[in-house]
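Residues in the sequence shown are numbered consecutively from 1, following our numbering.
Glycine residues also receive a C-beta, built at the ideal position from the N, C-alpha and C atoms.
What follows is a short report on a single structure.
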Amino acid sequence: MYKILSFLFLVFFSTGGWSQSDSLRKETNSHDSLRSLYIKRYPDHFSLWAVIKSRSLGFDARNIKTNDAIRYRPNSRTSLGVGLYLFEVLAEITFSVPEEPSSVEKFGSTRVRDVQLNAIGKFWGADAYWQRYNGFYLDNSAAAVNGIFPQRADIKATNFGMSGFYVFNRQKFSLRSAYNFSEHQLKRGGSWMVIGTVNSFRISGDSSFFESTDPSSELVSMRYTTLGLAPGYSYSYVYQNFFFNGTVGFGPAHNWMFIRHPDGKEVNSVSINSYSLVRLGIGYNSDRFFGGLGFSVQSRNLRIEDVRYSNSTSVFKVLFGYRFREFGFLKKRAVDLLR
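Okay, here's the thing in structure tokens:
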């Protein structure tokens with residue numbers, strides 16, 4: 001069901017096609033315009049591609065005083081699917097590939113529910129997500145026995161929220177060119193940006209999932225909400241039709257936190273900590289063929305007394321596609337269909 005919901009979300013909300021169609025129509029096609037020297041659009045083409053994705057939700061904690069640390073990771077599944085850019089709307093649907101029995105034995109089984117919505121426009125972008133992961137393993141090779149890592153099937157994590165960014169140099173820089181290939185950046189360029197996030201993360205277990213020599217660090221449930229705003233920068237290096245893009249952002253975040261200890265004691269607190277974003281993309285983008293790989297990770301960090309906590313959402317993606325010239329009914333745009 002969550003795959004169907006993900007597909008419907010993407011069909012109706014992704015790409016910025018809804019809000020940008022009029023502005024794109026008004027944009028001049030003159031070769032004298034500044035943007036046309038750096039960015040090439042394909043208003044008379046639609047695209048189809050194959051995609052491989054791997055998503056993950058991780059949780060880390062470290063007691064700075066005792067140096068006790070944990071790193072929980074899910075046995076995330078790889079998914080295969082297809083994507084389509086049509087009517088200036090991008091839709092992508094993927095289906096999970098079952099894990100090998102050897103992987104389940106080594107890392108355990110993780111049940112995943114993951115719905116994500118992504119939109120990238122000329123000068124803005126947004127991500128909305130809802131994730132639920134049941135079953136984690138302790139990412140510590142020293143604790144592995146005969147190659148089998150410690151597993152916690154009882155640990156559940158829920159992560160939801162949204163993030164967005166605003167690009168200042170939209171005349172010479174296109175983030176869409178590197179990540180959804182709806183445009184083609186012809187010359188290298190970059191831009192400063194503002195990045196923001198609102199996020200809620202919760203993790204719980206039947207027993208303490210942070211065993212420490214400091215009893216005050218042990219907990220069976222925690223929840224924290226993050227509100228962050230950060231400056232960032234993105235740059236694309238272009239050589240002929242090949243490109244490499246790097247995007248980074250780092251800034252302060254306000255956190256509201258709730259903790260429950262094994263003895264039932266509950267603690268509420270507020271703190272100022274940090275939020276970070278890293279996004280990398282490399283690939284090939286031409287008038288017909290395009291493809292590449294991308295990686296992104298968002299981390300939310302906070303410190304309560306002597307313990308530093310963080311959760312991260314990461315996506316690794318590989319795709320390869322082809323542009324087709326539109327014909328007949330396919331020349332319509334999303335706003336045309338609404339009218």
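ask   = From what residue to what residue does the alpha helix (DSSP H) around residue 177 run?
value = 176-179
query = If you measure from the beta carbon of residue 173 to each beta carbon in chain D, is any gap under 8 Å?
reply = As a matter of chain content, chain D is missing from the structure shown, which is built from one protein chain.
query = Using DSSP with H/G/I as helix, E/B as strand and the rest coil, what is residue 145?
reply = strand
CA-to-CA distance, residue 299 to residue 154, given in whole angstroms = 24 Å
key: Pairwise C-alpha distance: residue 52 and residue 46   = 20 Å
request  = Would you kindly work out how many angstroms separate the C-alpha atoms of residue 233 and residue 241, rounded to a whole number?
outcome  = 22 Å
message = Tell me the DSSP secondary structure of residue 220 in three-state form.
response = coil
query = Alpha carbon to alpha carbon, how far is residue 204 from residue 160?
reply = 15 Å
request  = Output yes or no for whether 8 Å exceeds the beta carbon distance between residue 282 and residue 291.
outcome  = no
query = Which residues in the same chain as residue 104 place their Cβ atom closer than 6 Å to its Cβ, once the five residues preceding and following it in sequence are excluded?
reply = none
ask   = Among the residues of its own chain, which have a CB less than 6 Å from the CB of residue 195, if the five just before and after it don't count?
value = 165, 230, 232, 249 and 277
ask   = Taking DSSP as the reference, what is the three-state secondary structure of residue 42?
value = coil
ask   = If you run the structure through DSSP and keep just helix, strand and coil, what is residue 328?
value = helix
message = I need the boundaries of the alpha helix (DSSP H) containing residue 262, first residue and last residue.
response = No alpha helix (DSSP H) holds residue 262; DSSP gives it neither H nor E.
request  = Please report how far the alpha carbon of residue 221 lies from the alpha carbon of residue 128, in whole angstroms.
outcome  = 24 Å
inquiry  = Less than 8 Å between the beta carbons of residue 91 and residue 84, yes or no?
reply    = yes
query = Between which two residues does the beta strand (DSSP E) harbouring residue 92 extend?
reply = 89-96
ask   = Taking the alpha-carbon positions, what's the residue 184 to residue 239 distance?
value = 12 Å
inquiry  = Can you give me the C-alpha to C-alpha distance between residue 192 and residue 169, rounded to a whole angstrom?
reply    = 7 Å
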